[in-house]
Amino acid sequence: MIHKFNFVIQVIVSTLVIASAVNPAHALPGENIVNVLEWVKTKPQLPTLEYSSETLTYFGKKGNLQFFISEYPTDDFSYLYPPSSYIHSETIEISKEPQIKFSQKTDQAIQLVKDIYNTKIANDYRRSQYGAKINGMTFYKGKLFAYITIDSKDNSSWEIIHLNSWQQEIDNAKLSSFILKPNMG
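Residues -27 to -1, 1 to 158 in mature numbering (1 follows the signal peptide of the UniProt record, and there is no 0) are what the sequence shown spells out, letter by letter.
Okay, structure coming up:
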């Protein structure tokens, strides 16, 4: 009887492990693109995605929500090669929803992150520390991931990136800001 019970428990645990491998609960920067694309299909609030080889980005729009997945470029000539297969960042953009302001971490913005990802990511974002504001982009650093937000009159966007990319993203924004400024000399 005990052996039969142990066998049933092993079957249940094995089934759960296989199910979680096939259908990940979330998909985050650094993960394989195949898993992320499968995860997107399990999220009814996310759109069907198309691929742009020019920008190494998957993108889609559903109502007033846009979703983007950016891959890691392999090198300066990455547009000549197949995709790298790993996620650099994911972006949620909402238009015409004044109560959702990612830079202000409104309750509605936190709830949207929770609905799409999970409580752990939403709490990491909520507790993340302000790092910098450059060209309208606000940079936050959490314990698990880093975040970049942009709020404008009609749109609000939230991007999740790997912690290792945080400083490079800030440096890139500073460089862009410097390049875009007119020469005052």
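Note that beta-carbon positions come from the ideal geometry of N, C-alpha and C, so glycine has one too. Computed from a predicted structure; not experimentally measured.
Distance between residue j and residue i (C-alpha atoms, nearest Å)
| i | j | result |
| --- | --- | --- |
| Ile152 | Asn108 | 12 Å |
| Ser62 | Gly104 | 18 Å |
| Gln72 | Lys78 | 10 Å |
| Val9 | Gly33 | 14 Å |
| Glu132 | Leu117 | 14 Å |
| Pro2 | Phe112 | 16 Å |
| Glu11 | Gln81 | 26 Å |
| Lys106 | Ser130 | 14 Å |
| Thr15 | Gly115 | 26 Å |
| Met110 | Thr122 | 6 Å |
| Glu66 | Leu85 | 11 Å |
| Ala(-1) | Val7 | 10 Å |
Supposed contact pair residue j and residue i - C-beta distance, whole angstroms, cut 8 Å
| i | j | result |
| --- | --- | --- |
| Asp127 | Ser68 | 6 Å |
Residue range of the beta strand (DSSP E) that includes residue i
| i | result |
| --- | --- |
| Asn137 | It is not in any beta strand (DSSP E) - Asn137 carries neither H nor E in the DSSP assignment. |
| Thr64 | 60 to 68 |
| Leu38 | 38 to 44 |
| Ile73 | Premise fails: Ile73 is in no beta strand (DSSP E) and is neither H nor E. |
| Lys34 | 30 to 35 |
| Ala119 | 118 to 124 |
| Glu23 | 23 to 25 |
Residue interval of the alpha helix (DSSP H) (run including residue i)
| i | result |
| --- | --- |
| Ala82 | 80 to 89 |
| Ile94 | 92 to 100 |
| Lys14 | 6 to 14 |
Contacting residues, own chain, Cβ-Cβ under 6 Å from residue i (five flanking each side not counted)
| i | result |
| --- | --- |
| Ala119 | Ile134, Leu136, Trp139 |
Spatial neighbours of residue i in its chain, beta-carbon cut-off 7 Å, leaving aside the 5 residues before and after
| i | result |
| --- | --- |
| Thr30 | Phe41, Ile42, Ser43 |
| Lys74 | Ala82, Asp124, Ser129 |
Cut-off 8 Å between Cβ atoms - residues of its own chain near residue i, not counting five sequence neighbours on either side
| i | result |
| --- | --- |
| Lys87 | Ile94, Ala95 |
| Ile143 | Gly104, Ala105, Ile107, Phe112 |
| Ser70 | One point to set straight first is that residue 70 is Glu, not Ser, in the sequence displayed. Only Asn37, Gln81, Ser129 meet the Cβ criterion. |
| Leu53 | With a pLDDT of only 46 at Leu53, under the threshold of 50, the placement of this residue in the model should not be trusted, and no figure is reported. |
Near the ligand FMN: residue i beta-carbon under 6 Å from a heavy atom
| i | result |
| --- | --- |
| Gly3 | What this structure holds is no ligand at all, so the ligand FMN is not there to describe. |
Is there contact here, the stretch 32 to 40 with the stretch 7 to 19, by at least three beta-carbon pairs under 8 Å?
yes
Counting Cβ pairs closer than 8 Å, one from the stretch 92 to 101 and one from the stretch 140 to 148, do we hit at least three?
no
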